[in-house]
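Visitor:
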Amino acid sequence: MLDLQSLDRTTNLISSSPKIFNPTEPIINTQTSRAYCQTITNTRRYKLSLLDRFEKTSSISAVSKLCMIIHPQSKFKKTWEIIMIILLIYTATIMPYRIAFIVGTDYDFWWLLDNILNILFFMDFLVNCLSAYYDDCNKLIYSYKKILLNYLRGWMIIDLIGCIPLDLFLESTSTGGYNNLLRLFRLPRLYRLVRISKILKLIQEYKKSEFILNLQDFFNIKQSVVRLIGVFSAVLVCVHIFACMWAFLPKFEEYKPDTWVIKGDFIDKEQYMISVYWCFVTFSTVGYGDITPGTSLECIVAIFWMLFAVFFYSFIISSLASILSSLENKQTALMNKLSAIDEFSKEGNITKDLKLKIRKYFKSNAEFEGFRWNDKREIFFELPKSLRYEISLSMYKGSAKFLTFFKHRNSNFISNVVPFLTHIIILKDNHVYRIGDYADEIFFLVRGKVEVKAGVEGEELSLVSLLPGCSFGEIEVVKQTNRIYSIKCCAKSSLLIMNYDLLELTKTKFQSIWHDLVVKAYENAKIYTLLLENIKHLNDLHRGENKEKNSKDRKNLINEKIKKELLNDENWDLGKGVKTDEEVSEQNIKNLKTKAFNITSIDTKINMSLDKIIAHLKKNSKSLTPSIFISS
């Protein structure tokens, strides 16, 4: 938890921070009003960042305390998923073999194991009903109603069927008149094989995890190889299940003379290997004819297996074709780049660590690389203007609709700039740029989170965190200097880059937008300067807080609050469009004074609200729940 004494010191420092504007003084120019607006913005942003750090020090269990909701990133949830993977592997491998070849009795080891599995799968059903999840906007959902609806649209029916102990119900009705029915349900646990489909969901989730990606990169396994491994693993599992089913059919029909075991004289031979052999022969469409179905039930199973083989071959051919076609261009280009990097590293005597960083960058961004700049422009400008604008708005998952810089811009600017932005992915704890780097680009944050860092007494201290929708890098570009601040990613971040060519295009053809960019750059420079003045007094506090383990899973709640307070605030740009002294009249000056007093009132209310939140957090730090942030 965050040290409450440090929180007190920070709160006192904020309350005693110097004011650069006195509402009783006459307002005579635009710069004063803008500076005061930015002071208010700075104060709110700093207090909200304080709440962000305070909240991150609380554990994930704070979400779980809210009506017993299970956090999707909690240790319990991850451990439970590992347990379920083990149980599903058992269901796909051992259970079919047991059904076909192991004859159990009541209350033996297998009976006990089955009932334990029933209990565990029922517990999994309850865990899924109580597990929060992230929606498409990466927002944590922990409403009971939404969780159940989301689960119902997914795996609820399959999970519910898989945990019903039908064999126990059938045992209670096992009288003489029901022998034929019982024989039908002697597939005692076959209906539970529907659980195997759930492992596909877990594989999809873990396939994108950071651990799996690092493991794949460490062993240099291509994505196409991973897909092929998955396909052939699915083939082996299906062959195993159908082989066990094929071996079980004669037993199910009480070894009639027409069954394949009796007809082929396989009663005393290894029936499992013979069944696997039959599955592969039938699956490969060879069909030697040495093992043939004799009963109606065996014919039905053989027909289903052959239909499965036909559909599977169609799937394999289409999948391989898509894999090869998708890899033909991008993968070849990536491999050429990696080969060039190897040669370049060898000739330039580049260290191994630096070489790995270069390779990792190109691998991370290979998915988003496409045509060259000239090819893009040539193809794009062949389209009609209306279609170009529509495409521009939908590119990069509609980034132009929520990025602050592109909001309310004309269609001509959007069509000329957005399609030619460069998309990159930067991993956690990596820098976008450092102090002293050459500045010729502006960045837009699409997903993730970055921190603005300044050099203070030989070390970098965080000034402010930027959220999706923000831009950065314009200060140095406008002032034509090297980078004054560093930008570091707090999480895996998706960025769009406006390069030098696009900046020159904006400066020459869209001068009003360039003017807005210049104004914003100087305003942000003032904010960072004021933050830097305050942050110097908190050097010791920052050193202590940097040692805290921040929980990345709780950041969404405070991020939403910061967006609500800052990005969607109607008074965010108040005073930005005020005219200069030469252009205003006496009446305009009076209106400007009125606005200033309104800003002061808003500032007071916001500061009081944030102070109440901080006091409430300190008072109830041991029982912190997300409802505090929501209600505020």
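Residues in the sequence shown are numbered consecutively from 1, following full-length UniProt numbering.
For glycine and all other residues, C-beta sits at the position ideal for the given N, C-alpha and C.
Closest to I116 by CA distance: which of S131, Y134, L87 and Y133 is it?
Guide: The candidate whose alpha carbon is nearest that of I116 is L87.
Visitor: On the three-state DSSP scale, how would you describe Y398?
Guide: The amino acid at residue 398 is misidentified as Tyr; the sequence shows Gly. Looking at G398 - three-state DSSP - the assignment turns out to be helix.
Visitor: Determine which residues share a DSSP beta bridge with Y433 and list them.
Guide: The partner list for Y433 (beta bridge, DSSP) reads I487.
Visitor: So, using beta-carbon positions, are S399 and G448 closer together than 7 angstroms?
Guide: No. Outside cutoff.
Visitor: Which residue's Cα is closest to the Cα of H416: F406, H423, I425 and N118?
Guide: Sequence check: residue 416 is Asn here, not His. With distances taken between Cα atoms, N416 lies closest to F406.
Visitor: What does DSSP give as the partner residues of I442 in its beta bridges?
Guide: DSSP, once it has assigned bridges, lists M498 as partnering I442.
Visitor: Which residues share a DSSP beta bridge with V456?
Guide: Note: V456 sits in a beta bridge opposite E459.
Visitor: Excluding the five sequence neighbours on either side, which residues of its own chain have a C-beta within less than 6 angstroms of the C-beta of P250, listed in chain order?
Guide: Only T259 and V261 meet the Cβ criterion.
Visitor: If you pair each beta-carbon of the stretch 272–288 with each one of the stretch 125–141, do three or more pairs fall below 8 angstroms?
Guide: In short, these stretches do not touch, since the Cβ pair count stays below three.
Visitor: In three-state DSSP terms, what is Y133?
Guide: The answer is strand: DSSP assigns Y133 an E or B state.
Visitor: Looking only at its chain, what residues have a beta carbon closer than 7 angstroms to the beta carbon of G287, apart from the 5 residues adjacent to it on each side?
Guide: So the list reads V281, once near-sequence residues are dropped.
Visitor: If we count Cβ pairs, one from each stretch, closer than 8 angstroms, do we get three or more for the stretch 69–76 versus the stretch 104–112?
Guide: Verdict: no, contact absent.
Visitor: Is any beta-carbon of chain D found at less than 7 angstroms from that of L113?
Guide: In the structure shown, chain D does not exist; there is a single protein chain.
Visitor: Are the CB atoms of L427 and V450 nearer to each other than 7 angstroms?
Guide: No; because the gap between Cβ atoms is not below 7 angstroms, this pair is not in contact.
Visitor: Measuring only the C-alpha atoms, how far is I291 from L113?
Guide: Approximately 34 angstroms, taken between the alpha carbons.
Visitor: Find the nearest neighbour of I70 within the set P96, N138 and Y142, judged by alpha-carbon distance.
Guide: Minimum Cα distance to I70 is reached at Y142.
Visitor: Leaving out five residues on either side along the sequence, give the residues of the same chain with a beta carbon under 8 angstroms from the beta carbon of L297.
Guide: Correct list, in chain order: L249, F252 and E253.
Visitor: In angstroms with no decimal places, state the Cα-to-Cα distance between Q511 and V478.
Guide: Cα to Cα, Q511 sits roughly 13 angstroms from V478.
Visitor: N534: which of S486, V456, G162 and C489 sits nearest, CA to CA?
Guide: The shortest C-alpha separation from N534 is found at V456.
Visitor: What's the gap between the Cα of E476 and the Cα of D516?
Guide: Spanning the two alpha carbons is a distance of roughly 15 angstroms.
Visitor: From A321 to Y313, what does the alpha carbon distance come to, in whole angstroms?
Guide: Using only the alpha carbons, I get a separation of about 12 angstroms.
Visitor: Tell me the DSSP secondary structure of T422 in three-state form.
Guide: Residue state, collapsed to three classes: strand.
Visitor: Between which residues of its own chain and L463 is the CB-CB distance below 8 angstroms, once the five residues before and five after are set aside?
Guide: So the qualifying residues of the chain are E451, V452, K453, A454, Y485, Y528, L531, L532 and I535.
Visitor: If you draw a straight line from the C-alpha of M68 to the C-alpha of F125, how long is it?
Guide: Distance between the alpha carbons of M68 and F125: 15 angstroms.
Visitor: Need the endpoints of the alpha helix (DSSP H) that R98 sits in, please.
Guide: Element bounds for R98: K75 to F101.
Visitor: Go through its chain and collect everything with a Cβ distance to T93's Cβ below 8 angstroms, but skip five positions before and after it.
Guide: These residues qualify, in order along the chain: V237 and H240.
Visitor: May I have the straight-line CA-CA distance separating I229 from T91, to the nearest angstrom?
Guide: For I229 and T91, the distance between alpha carbons rounds to 20 angstroms.
Visitor: Suppose you measure from the CA of I613 to the CA of L140; what does that come to, to the nearest Å?
Guide: Each residue's Cα considered, the two are about 21 angstroms apart.
Visitor: Start and end of the alpha helix (DSSP H) containing N150?
Guide: Run containing N150: Y144 to L152, per the alpha helix (DSSP H) assignment.
Visitor: Figure out for me which residue from W110, F402, R359 and F101 has the closest Cα to the Cα of K269.
Guide: Looking at the Cα atoms, F101 is the closest of the given residues.
Visitor: Work out the CA separation of T351 and residue 633 for me, nearest whole Å.
Guide: This structure does not reach residue 633, given that the chain is present from 1 up to 632, and the question cannot be answered.
Visitor: What are the start and end residues of the alpha helix (DSSP H) that includes T295?
Guide: Per DSSP, T295 belongs to no alpha helix (DSSP H) and is neither H nor E.
Visitor: Please say whether L496 and H423 have beta carbons closer to each other than 7 angstroms?
Guide: In this structure, L496 lies closer than 7 angstroms to H423 by Cβ.
Visitor: If you measure between the beta carbons of A302 and S275, is that distance less than 7 angstroms?
Guide: The answer is no: Cβ separation not under 7 angstroms.
Visitor: Ignore the nearest five residues each way along the sequence and tell me which others in F402's own chain have a CB closer than 7 angstroms to its CB.
Guide: If we look at F402 and ignore the five residues flanking it on each side, its Cβ neighbours are G469.
Visitor: Do F121 and G162 have their beta-carbon atoms positioned less than 7 angstroms apart in this structure?
Guide: For G162 and F121, yes; Cβs fall inside 7 angstroms.
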